[in-house]
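Going by the working numbering, the letters in the sequence shown line up with residues 71 to 672, in that order.
The C-beta atom is built at its ideal place from N, Cα and C for all residues, glycine as well.
Report on one structure; see the data block that follows.
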Amino acid sequence: NESPEVRRRAVWTLAGISTPAATAAIAPALTDKDQTVQQAAIHATGLARNQAAAEKLMMIAKTGEPGSARAAAEAIGRLRADENTIKNLLDLTAQLKSTGPDASGAPAVAAERIREHALIYALIEIGNTKQTRSVLTSTNPATIRAALVALDQMKKGGLQPADVIHHMSSQDAALRATAAWIVNHHSDWGPELKSYFEQRLAKASDLSEADREQDRQLLASLANAPDIQTLLLATLTNKSNKAARQQSLAVMASSGLTATPASWLDALAETLSLADKDTLPLAIAAAQNLPMPKDGHPGLRDALAKIASDSDLENETRLNAIDAAGSGLNLSDSTFALLTTTLSPDLPMNLRSIAANRLASSALSEPQLTSLVSTVKTVGPMELPKLLPAFEKGGSESLGLELITALMQAEGVRGLRPDLIKPLLTKYPTSVQEAGKALLKLLNASEEEQTATLEKLLTTLPEGDVRRGHEVFMSKKAACNGCHKLGYGGGRLGPDLTSIGRVRNRRDLLEALVFPSSSIVRGYEPVSVELEDGRVISGIISSESADEIVLSPDAQKTFHLARTSIVAIQPSNVSPMPNGLATLLTAQEMADLLTFLQSDQR
């Protein structure tokens with residue numbers, strides 16, 4: 071028939087008859103000039119497992135158009151393949167174009183990836199382990215990759231560590247990434263991986279930074295394996311190889327463990343007390359990122375406290391040490407002064423966040439609390455809510471009244487919420503609670519008041535400038551890039567703002583800036599997680615698996631929480647982004663930022 075549609079319908083009708091004659095009648099359509107008819111015939115032939123069409127299917131797989139070639143490879147996988155068929159499939163993998171691999175080693179270009187997938191899937195379906203293994207000695211990286219993936223996914227592929235591990239040092243990027251991908255889900259290869267990485271760590275100083283980074287990522291992904299944990303510990307305690315020790319510390323910091331081996335913490339405490347200026351920041355970073363036992367680690371805490379009080383060290387090093395030491399720290403006068411001065415809006419957001427969190431969780435004396443009250447007035451909306459717990463234990467009437475006055479006058483007052491203030495007031499005398507009513511009234515803006523605020527801003531904001539708006543976005547003051555991605559840079563905690571101006575109008579953008587909890591973007595809804603040890607952590611779930619969830623309270627902190635330790639997870643209607651940006655920024659800065667977000671930054 072002249073109509074491709076009629077011929078295609080005829081193919082599918084014959085496919086539904088399921089008799090030898092009907093299956094044979096489909097074969098001529100395998101050479102149909104119309105792609106849709108040909109592909110229908112290929113699919114029908116594969117489903118019918120028509121062995122007589124094997125030669126035609128292989129020819130299409132070799133020379134056909136991409137869509138037909140992919141379909142033919144898939145169909146071949148359903149047939150009773152002989153040795154020649156498997157050889158031809160493997161030869162076809164050698165013809166795949168190298169388009170730059172993704173993280174798993176697969177071609178980054180969709181068309182090539184789909185074709186490769188069809189070829190590998192055919193090998194998996196055929197399931198001939200012996201012949202597939204035969205090409206592991208090939209000189210073609212694409213063929214080796216296809217064979218490795220097929221063997222890895224076959225039910226009885228029999229892939230061995232020796233088949234894969236040495237390819238992690240391959241000169242071919244795709245083969246190297248493939249080996250890493252396979253190794254990443256074979257923690258049962260612990261002894262062999264330990265031996266490989268032992269050699270890599272021994273020569274860490276001779277490797278390029280790219281190679282060291284790849285090793286760090288692989289070791290971090292395998293850090294749950296006992297053999298790898300033992301290797302990292304042995305490397306850290308071996309004082310003769312500085313580069314290897316630094317590599318080990320970097321791996322520990324990014325391991326994402328839900329529980330830290332006690333031996334690691336012991337070794338880390340010793341390392342902190344002996345580390346040189348190059349190794350010290352890495353050791354502190356490991357202490358910051360590794361989960362601590364419920365009662366902490368006294369040796370590690372003492373080592374960090376000593377670093378925190380050392381005025382000869384850089385302030386950032388001391389601040390990170392304070393952060394790593396955790397809550398309940400008794401602050402010396404010099405350490406307290408460092409934290410309060412770090413709350414300055416001129417300093418980077420990550421350091422301000424550390425200072426606020428640690429002041430809030432430390433055991434402050436009454437004089438220190440009184441001193442902190444005077445600092446409250448200059449604290450911004452991002453840090454002020456984090457700072458409030460410092461006053462939750464209560465205090466004298468004079469302290470409470472001074473605190474209410476300071477909060478009313480604070481630059482970051484709009485970052486507060488009534489639900490944060492109410493429980494705080496109950497810890498103070500009645501006179502303080504009465505004084506606090508004015509603060510609660512200030513914070514309890516009704517929906518009508520919010521609407522009025524927005525309308526006023528929309529009509530009174532000056533004309534904005536895109537270039538200046540970009541400067542505001544990247545500034546330490548607004549710190550938007552700490553949580554939001556823009557183009558290829560920025561944080562991941564909040565939504566990507568690269569093209570936000572295409573989907574949000576000016577009013578919506580302004581509302582999101584001034585009242586962020588009014589409209590929370592789907593996929594970024596915050597939750598509160600209650601743990602067995604009594605802690606409640608709020609944040610955004612950045613990833614999760616069957617065994618753990620990864621929770622990010624802010625741009626600086628990430629918690630890997632074992633599901634077995636979680637009592638409950640409750641949704642929250644409070645955005646991690648604080649209120650009060652309109653008071654933190656000038657009218658011109660707000661207008662510039664708004665104009666910048668409205669522009670398309672692709």
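Exercise for the section: From the DSSP output, read off the bridge partner residues of H630. Expected result: V620
Practice task
Using beta-carbon positions only, say whether S431 and G482 come within less than 8 Å of one another.
Solution key: no
Exercise for the section: Indicate whether A433 and L409 have their beta-carbon atoms separated by less than 8 Å. Expected result: no
Practice task
Determine the contact status of K557 and M419, defining contact as a CB-CB distance below 8 Å.
Solution key: According to the sequence displayed, residue 557 carries Gly and not Lys. Cβ distance not < 8 Å, so G557 and M419 don't count as in contact.
Exercise for the section: Could you check what DSSP says for I214 in three-state terms: helix, strand or coil? Expected result: Looking at I214 - three-state DSSP - the assignment turns out to be helix.
Practice task
Helix, strand or coil for S645, going by three-state DSSP, please let me know.
Solution key: coil
Handout entry: Coarse secondary structure for E533, derived from DSSP in three states
Key = coil
Handout entry: Extent of the continuous beta strand (DSSP E) to which S612 belongs
Key = V606 to E614
Exercise for the section: Could you please give me the residues that DSSP links to Q640 through a beta bridge? Expected result: S598
Handout entry: Counted within 10 angstroms of its Cβ, other Cβ atoms place I63 as buried (16 or more) or exposed
Key = No information on residue 63 is available, as it lies outside the stretch 71 to 672 that the chain covers here.
Practice task
Rank L583, F543 and S435 by C-alpha distance to the C-alpha of R484 and give the top, closest one.
Solution key: L583
Handout entry: Nearest-angstrom Cβ-Cβ length linking K546 and D416, presumed shorter than 8 Å
Key = Under the criterion of beta carbons closer than 8 Å, K546 and D416 qualify as touching, at roughly 6 Å.
Problem - Contacting residues, own chain, Cβ-Cβ under 7 Å from G564 (five flanking each side not counted) - result: C553, H554, Y594 and M647
Practice task
Using beta-carbon positions only, say whether P499 and G470 come within less than 8 Å of one another.
Solution key: Against a cut-off of 8 Å, the Cβ pair of G470 and P499 comes out as a contact.
Problem - Endpoints, the alpha helix (DSSP H) within which P351 is located - result: L350 to N359
Practice task
Whole angstroms is fine: what's the gap from S379's alpha carbon to T529's?
Solution key: 51 Å
Exercise for the section: Give me the Cα-Cα distance between S635 and T133, rounded to the nearest whole angstrom. Expected result: 56 Å
Handout entry: Beta-carbon proximity check, L193 vs T202, cutoff 8 Å
Key = Cβ distance < 8 Å, so L193 and T202 count as in contact.
Exercise for the section: State the start and end residues of the unbroken alpha helix (DSSP H) segment that holds A441. Expected result: As written in the sequence, residue 441 is Ser, which differs from the Ala given in the question. Unbroken alpha helix (DSSP H) run through S441: E436 to V446.
Practice task
Could you name the residues of the same chain whose beta carbon sits closer than 7 Å to that of D480, not counting the 5 residues immediately before and after it, in chain order?
Solution key: Here residue 480 is Ala; the residue named in the question, Asp, does not match the sequence. Around A480: V446, K447, V449 and L454.
Practice task
In the DSSP assignment, find the unbroken alpha helix (DSSP H) run with P90 in it and report its ends.
Solution key: P90 to I96
Problem - Assigned exposure category for H236 - 16 Cβ within 10 Å defines buried - result: By the neighbour-count criterion, in which a residue is buried when 16 or more other Cβ atoms sit within 10 angstroms of its Cβ, H236 is exposed.
Exercise for the section: Please indicate yes or no: does the CB of R422 lie closer than 7 Å to some heavy atom of the ligand PLP? Expected result: Within the structure as shown, the ligand PLP is missing, as the structure has no ligands at all.
Problem - Residue range of the unbroken alpha helix (DSSP H) whose run includes S669 - result: It is not in any alpha helix (DSSP H) - S669 carries neither H nor E in the DSSP assignment.
Handout entry: Nearest residue (CA-CA) to Q287, options L664, S325, P296 and L302
Key = S325
Practice task
Taking all protein chains shown into account, decide if A332 is buried (16 or more other Cβ within 10 angstroms of its Cβ) or exposed.
Solution key: exposed
Exercise for the section: Enumerate in chain order the residues of its own chain whose CB-to-CB distance from S174 is below 8 Å, with the five nearest sequence positions on each side excluded. Expected result: The residues are A247, T248 and W251.
Problem - Opening and closing residue of the alpha helix (DSSP H) in which T411 lies - result: D403 to T411
Practice task
Please say whether G147 and E195 have beta carbons closer to each other than 8 Å?
Solution key: yes
Exercise for the section: Just confirm the distance between the C-beta atoms of L401 and Q438, as a whole number of angstroms; I'd bet it's less than 8 Å. Expected result: 7 Å
Exercise for the section: Taking only the alpha-carbon atoms, compute the straight-line gap between P488 and S588 and give it to the nearest angstrom. Expected result: When only Cα atoms are considered, P488 and S588 end up about 15 Å apart.
Handout entry: Of the listed residues V205, K200, Q269 and N210, nearest to G228 (C-alpha basis)
Key = K200
Handout entry: Residue span of the alpha helix (DSSP H) that contains I377, given as start and end
Key = P368 to A378
Practice task
Within 10 angstroms of the Cβ of D346, are there 16 or more other Cβ atoms? Answer buried if so, exposed if not.
Solution key: exposed
Problem - Buried versus exposed, by CB contacts within 10 Å (16 or more), Q317 - result: Looking at its Cβ environment, which holds 16 or more other Cβ atoms inside 10 Å, Q317 is buried.
Exercise for the section: With DSSP collapsed to three states, give me the class of L162. Expected result: helix
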